[in-house]
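Respectively, the protein sequence lines represent chains Z and W.
Going by our numbering, 75 is the number at position 75 of the first sequence; the sequence numbering is gapless.
Throughout, our numbering is defined as the position within the second sequence, counted from one, plus 1000.
Before any comments, here is the structure.
Number of protein chains: 2
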Amino acid sequence: MPDRNDAARERYHHGDLRAALLDAAEEELRLHGVEGFTLRGCARRAGVSHAAPAHHFGDARGLLTALAALGYRRFVAAQERRKQAEGAQGAGRLVAAGLGYVDFARAHPALFRLIFASDRPDQDDPELCAAGEAAFAALQADVQAALGPQEAAGAEGRALLQAAWAMAHGIADLVVAGRLPFLPEGDAAGAEAMLRAMMARSLGAALAPPARPS
Amino acid sequence: MPDRNDAARERYHHGDLRAALLDAAEEELRLHGVEGFTLRGCARRAGVSHAAPAHHFGDARGLLTALAALGYRRFVAAQERRKQAEGAQGAGRLVAAGLGYVDFARAHPALFRLIFASDRPDQDDPELCAAGEAAFAALQADVQAALGPQEAAGAEGRALLQAAWAMAHGIADLVVAGRLPFLPEGDAAGAEAMLRAMMARSLGAALAPPARPS
DNA sequence: GCAAGAATATTGACATCGGCAAGATCACCC
DNA sequence: GGGTGATCTTGCCGATGTCAATATTCTTGC
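Pasting the structure below:
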């Protein structure tokens, strides 16, 4: 194994082309969007021939599926980061998760669309399915934190889960599309307060059940 | 003008190729999605050569832009239909509009994605801009109906508008993606009740301001 | 050590796509 | 009824995704 780190790109065998292609694909996606994504462009960016990706991903769909799965895991991580950073408890975890949802969409708009609004990834792929199920499980756990295991399993739990999810998703998708009209551009704190208020609204009475009714 | 209705497809000049191409494009979009959309496929479906669309729409983007504008107007009409069918008043108009929003997304998923989640239409196109502004104006009018012109112009009006929009959009986009887990498939009335409850949740206190607090 | 086979990457080919240019056909107007 | 502009076709080009054939390198067994 004669050091393959610096001289990797000069050799016939790349060394870690799979990871390099995922990096290249992410950058291509960022620059050109899902609809301008090109397998040959990825290969060029990674410095290999146009047919090289096939050995690692099969076809373009395979590469985009792997990228979507990778992005999905980062999406869950962004929500987790928010929850931990805020030390959120109870229903506050749902609010924090929603803000993390939007964080991810703003940071990686093309990846967000690849995951949620594209037919190109293979939704039956086991890795992608697992990533999606992990995201759903985290959401269910947050609903439990908000309502307790008893309520969370019932109709109110389902309603809360769907409402929080739909609100977060709607905000995120509209932000990516540049269609949230009153979101302040320069004012990060103001924007955050607005998003927080929108999330809180979707939670309804769940936000402060043990407190007095104001 | 020797009757051009039945024999139109046999002639060198089509007669109304622009409209025929829009029909063909809608069907192609429905079948293959935005990402599988093909200008040549549209031309084939309309029974003309592959270069014919250029004379009416310039390029593929032009055709998709015109289709998006057309779809946007239908999208507004779907919301209007709901509001009238329910005879909705006050904040109920926002709920009805949200249900119309979802109606459209379910009936025309690919068109919905073309409008809200695609970079291919030209968002600076005057016709498309006008359609978008009409949709926004209708939403503003519904907020006025819910809060009155006074409140609607203030911060609460902006918050209500964005919350209702984001909730409706989130539901619609998740439905199109097949990701609303608890939406009953066969039970139309149950599904409608669930969507209605989600919309109502996003409106917060605005739903029944003149009534007693239950 | 080293040869055989597997893994990895390249080259070349093909069908299809979007867009352009040149030519054919038709409608309309004076 | 002839000309002019609009409409449509044909042919072409570069780019793309995928496949087959080939070249290079790694690994494994002996």
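Don't be surprised by glycine CBs; every beta carbon is placed ideally from N, CA and C.
When secondary structure is reduced to three states using DSSP, Z:Gln144 falls in the helix class.
Annotation: W:Gly1190 has no Cβ neighbours in chain Z at a cutoff of 7 angstroms; minimum Cβ distance is about 11 angstroms. Put simply, the CB of Z:His108 is far from chain W, with every gap to its CB atoms at 9 angstroms or more. Close CB contacts of W:Leu1114 within its chain, under the 6 angstroms cut and outside five residues either way in sequence, are with Val1034 and Ala1068 (chain order). Listed in chain order, the non-local C-beta contacts of Z:Ala24 below 7 angstroms within the same chain comprise Cys42, Arg45 and Ala46, local neighbours out to five positions each way being set aside. A contact is defined here as three or more CB-CB pairs under 8 angstroms, and the region 1115-1129 of chain W fails this definition with respect to the region 1158-1168 of chain W.
For W:Ala1177, the chain Z residues whose C-beta falls within less than 8 angstroms of its own C-beta are Phe116 and Ala117, listed in chain order. Taking Z:Ala60 as the centre and dropping the five residues before and after it, the same chain places the C-beta of Leu39 closer than 7 angstroms to its C-beta, in chain order. Shown here, Z:Phe37 sits in coil according to DSSP, grouped into three states, outside any helix or strand. In summary, the residues of the region 1031-1048 of chain W whose CB is separated from some CB of chain Z by less than 8 angstroms are Gly1033, Val1034, Glu1035 and Gly1036, in the order they occur in the chain. Arg1158, Ala1159, Leu1161, Gln1162, Ala1163, Trp1165 and Ala1166: these are the residues of the region 1152-1166 of chain W whose beta carbon lies less than 8 angstroms from some beta carbon of chain Z, given in chain order. In this structure, Z:Leu180 places its C-beta atom within 9 angstroms of the C-beta atom of W:Gln1162. For Z:Ser118, the three-state secondary structure derived from DSSP is coil.
Nearest to Z:Ala152 by alpha-carbon distance, out of Z:Arg120, Z:Arg82 and Z:Gly90, is Z:Gly90.
With a threshold of 9 angstroms between beta carbons, W:Phe1075 makes no contact with chain Z. When secondary structure is reduced to three states using DSSP, W:Pro1149 falls in the helix class. Here DSSP, grouped into helix, strand and coil, assigns Z:Ala193 to helix. The region 1046-1058 of chain W and the region 1074-1093 of chain W do not touch, with fewer than 3 CB-CB distances between them shorter than 8 angstroms. Within 10 angstroms of the beta-carbon of Z:Phe182 lie fewer than 16 other beta-carbons, which makes it exposed. Out of Z:Leu111, Z:Asp122, Z:Ala137 and Z:Ala134, the CA that lies nearest to the CA of Z:Phe37 is found in Z:Leu111. Straight across, the Cα-Cα distance linking Z:His50 with W:Leu1064 is about 30 angstroms. Taken through DSSP and simplified to helix, strand or coil, Z:Leu203 comes out as helix.
Rounded to whole angstroms, the separation of the alpha carbons of W:Leu1017 and W:Ala1193 is 43 angstroms. In this structure, the beta-carbon distance from W:Ala1105 to W:Ala1164 does not fall below 9 angstroms. In terms of beta-carbon proximity, Z:Gly204 lines the interface with chain W, with at least one pair separated by less than 9 angstroms.
Taking 9 angstroms as the CB threshold, W:Phe1182 lines the interface with chain Z.
Near chain W, meaning a CB-to-CB distance below 9 angstroms, the residues of the region 119-145 of chain Z are Asp119, Arg120, Gln123, Gly132 and Phe136. When the five nearest sequence neighbours on each side are left out, the beta carbons in the same chain lying within less than 7 angstroms of the beta carbon of Z:Leu70 are those of Leu22, in order along the chain.
With a threshold of 9 angstroms between beta carbons, Z:Ala168 makes contact with chain W. The DSSP-derived three-state label of W:Gln1089 is coil. For Z:Asp187, there is no enclosing alpha helix (DSSP H), as DSSP gives it neither H nor E. Taking 9 angstroms as the cut-off between beta carbons, none of the residues of the region 60-92 of chain Z comes near chain W. Within the same chain, Val95 and Leu99 come within 8 angstroms of Z:Arg196 by CB-CB distance, once the 5 residues on both sides are set aside.
Look at Z:Leu139 here: in three-state DSSP terms it is helix.
At least one CB of chain Z lies nearer than 9 angstroms to the CB of W:Asp1173.
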